[in-house]
Amino acid sequence: ETGVTQSPTHLIKTRGQQVTLRCSSQSGHNTVSWYQQALGQGPQFIFQYYREEENGRGNFPPRFSGLQFPNYSSELNVNALELDDSALYLCASSSGTSGSTLAKNIQYFGAGTRLSVL
Amino acid sequence: GQQLNQSPQSMFIQEGEDVSMNCTSSSIFNTWLWYKQDPGEGPVLLIALYKAGELTSNGRLTAQFGITRKDSFLNISASIPSDVGIYFCAGQLGNQGGKLIFGQGTELSVKP
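Just so you know, the protein sequences line up as chains E and F, in that order.
Going letter by letter, the first sequence gives residues 12 to 129 in the numbering used here.
Going letter by letter, the second sequence gives residues 3 to 114 in the numbering used here.
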């Protein structure tokens, strides 16, 4: 158990809809990263939040957005869903960011939210 | 998206055999990580490597951070059925906010 919890576990949406996924970070962690994992692939970095600010973004369009709250939990929002957005969405928490000691940047993952877009 | 080159893609072995998988990159990383993912779960950290040339063990698992900082390998000795799963390597650059770049994964099957 990593202490990182994600909700919901599964979700079915239709094309064009909007979705919000939630993540509670491990106690003591102030950084949350989001990844998209397509079937049969490794996770792809979407973005990271550190102390409520976006701190790095991968190659994802602006309809992927996020938030981090004062308690360091986080949300991933996806607008105008497309069929290709169907994937496992993973949240990872860590206790540092760029400039921290490398050990603090170790990311611990939740079990993910499986999103299906029909 | 950017991914590391991980091989082999899959392995079918007999219980008790040793296993080796590796990962290469065109980029230099400050940290190499190895994760295992079971069906319906997120990746679980197995080993973290912080220094070029570092060799680290975790029980039957041994991993090394390549001298060039562009590669890493993971060995599993005396495999058991619960080793079944997908193993991912990941590289991390300390100056990019901790973003992880993952390999495509190695799917391991162990026959009792």
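Here a beta-carbon is modelled for each residue, glycine too, at the ideal position from N, C-alpha and C.
Chain-ordered listing is empty here: chain F has no CB closer than 8 Å to the CB of E:A91, the nearest sitting near 20 Å. Under the DSSP definition of a beta bridge, E:L32 partners with E:L87.
Between F:G61 and the set F:S81, F:G55 and F:Q5, the nearest pair of CA atoms involves F:S81. DSSP places E:S104 inside the beta strand (DSSP E), whose first and last residues are A98 to S105.
CA-to-CA, the gap between F:W36 and F:Y89 works out to about 7 Å.
Along the stretch 38-56 of chain F, going in chain order, the ones with a CB nearer than 8 Å to a CB of chain E are G42, E43, G44, P45, V46, L47, A50 and Y52. Counted as a single uninterrupted DSSP element, the beta strand (DSSP E) harbouring F:I49 occupies residues V46 to L51. With 16 or more other Cβ atoms inside 10 Å of its own Cβ, F:I103 counts as buried. A distance below 7 Å separates the beta carbons of F:E17 and F:V112. Below the 7 Å Cβ cutoff, chain F contributes K101 and L102 as neighbours of E:F56, in chain order.
The Cβ atoms of F:I78 and F:L95 do not sit closer than 7 Å to each other. Around the beta-carbon of F:N7, fewer than 16 other beta-carbon atoms lie within 10 Å, marking it exposed. For F:S27, the secondary structure class from DSSP, reduced to helix, strand or coil, is coil. At a Cβ-Cβ threshold of 7 Å, E:L50 and F:G44 do not count as neighbours. Excluding the 5 residues flanking it on each side, E:E63 has same chain C-beta neighbours closer than 6 Å at Q79, in chain order.
Per DSSP, the unbroken beta strand (DSSP E) holding E:L78 starts and ends at F75 to Q79. For F:F90, the closest Cβ of chain E is nearer than 7 Å. Under the three-state reduction of DSSP, E:L129 is assigned to coil, being neither helix nor strand.
E:L94: not part of any beta strand (DSSP E); DSSP gives it neither H nor E. Against chain F, the beta carbon of E:N116 has neighbours under 8 Å at T33, Q94, G96 and G100, listed in chain order. Residue environment for E:N116: buried (at least 16 other C-beta atoms within 10 angstroms of its C-beta). Between the alpha carbons of E:T124 and E:P19 lies a distance of about 6 Å.
Assignment of F:D40 by DSSP, reduced to helix, strand and coil, places it in the coil class.
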